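Student:
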Amino acid sequence: MSESGAAAQHAAGAPLSTTGSPGSSAGRPRMSRSQRRAQLLAAARAVFGAQGYHAAAMDEIAERAGVSKPVLYQHFPGKLDLYRALVESAANEMVRTVRAAMRSTTDNKARVHAAVQAYFDVVSSRDGAMRLVFETDTRATPEIAEIVDRATSDCIDAVTEVVTADAGLEPDRARLLAVGLVGLSTTAARYWLDAGLQPPREDAIALMSTLAWRGIGGGFPRQEG
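Counting from 1 along the sequence shown, just add 5 to a position and that's the residue number in this note's numbering.
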């Protein structure tokens, strides 16, 4: 467009065209939908992590992400949708962490230590993402509670499989032991988070894994073959 044509267009109230794509600065490539979603989730994680679900505001999340509220709502229709996406991702990662801990060794004492450590790894994760699974606000709605309950059940399944195979117990007894180990680890890790990550992480893991192992290792030795 010529300079005179652009001036006429502007005088008529029409927007001037730019070389950049809509919604982007000149020379800055537009984010893909997946990139924008990741950016919004990172901003939401920081806000929810600092303020909790109830106190967090969509305005603040949009501002932190550097986008307008309409852009945020294009990806997440409401605050609950955004929080659910974060918790679901965190819950899935927690299950992967516990399953990896169970596969990390064939030594049962080391397995118990790894299982307990997995939960402390979750609550002390650097970006705080997986902590959302342990926050009080995860019980804010039935939808969120269901995600957390399902993840907990999957973790119990992972431990049950190992206990059944190694201790030679019936599935119902093995599952009850798994519930005890997961419950101990979850409760201890949540308390440790609320207590300001004290005592130091390695000390906390050693204390709880020793408690668990003395019960499981002494009463239910590994069955060879």
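We put the CB at the ideal spot given by N, CA and C, even for glycine. Keep in mind it's a predicted model, so treat the numbers as computed, not measured.
Just how far apart, CA to CA, sit I149 and A217?
Tutor: Distance between the alpha carbons of I149 and A217: 29 Å.
Student: With T157 as the anchor, note down where its alpha helix (DSSP H) starts and where it stops.
Tutor: Segment P147 to A172, the alpha helix (DSSP H) holding T157.
Student: Should Q239 go down as buried or exposed, given a rule of 16 or more other Cβ atoms within 10 Å for buried?
Tutor: Residue 239 cannot be examined here, being either before or after the span of the chain that is shown, 6 to 230.
Student: The alpha helix (DSSP H) with P176 in it runs from where to where?
Tutor: Residues P176 to D199.
Student: First and last residue of the alpha helix (DSSP H) that includes V76?
Tutor: Note, V76: alpha helix (DSSP H), K74 to H80.
Student: For Y196, count neighbouring Cβ atoms within 10 angstroms of its own Cβ and tell me buried if that reaches 16, exposed if not.
Tutor: Its Cβ having fewer than 16 others within 10 Å, Y196 is exposed.
Student: State whether the stretch 159-177 contacts the stretch 75-82, with contact taken as three or more CB pairs (one from each stretch) at a distance under 8 Å.
Tutor: Touching, no.
Student: Helix, strand or coil, according to DSSP, for T215 in the structure here?
Tutor: Looking at T215 - three-state DSSP - the assignment turns out to be helix.
Student: Please state if the CB of I152 and the CB of V103 are separated by a distance shorter than 7 Å.
Tutor: Not in contact: V103 and I152 (Cβ atoms no closer than 7 Å).
Student: Can you tell me whether H59 is buried or exposed? The criterion is at least 16 other CB atoms within 10 Å of its CB, across all chains shown.
Tutor: Exposed.
Student: Consult DSSP for Q40 and reduce its assignment to one of helix, strand or coil.
Tutor: If DSSP states are grouped into helix, strand and coil, Q40 belongs with the helices.
Student: Please determine, among A194, Q44 and F53, the residue with the shortest C-alpha to C-alpha distance to D126.
Tutor: Minimum Cα distance to D126 is reached at A194.
Student: Whose CA, out of R35, L87, V167 and K74, lies closest to the CA of S109?
Tutor: If we check each option's Cα against that of S109, V167 comes out closest.
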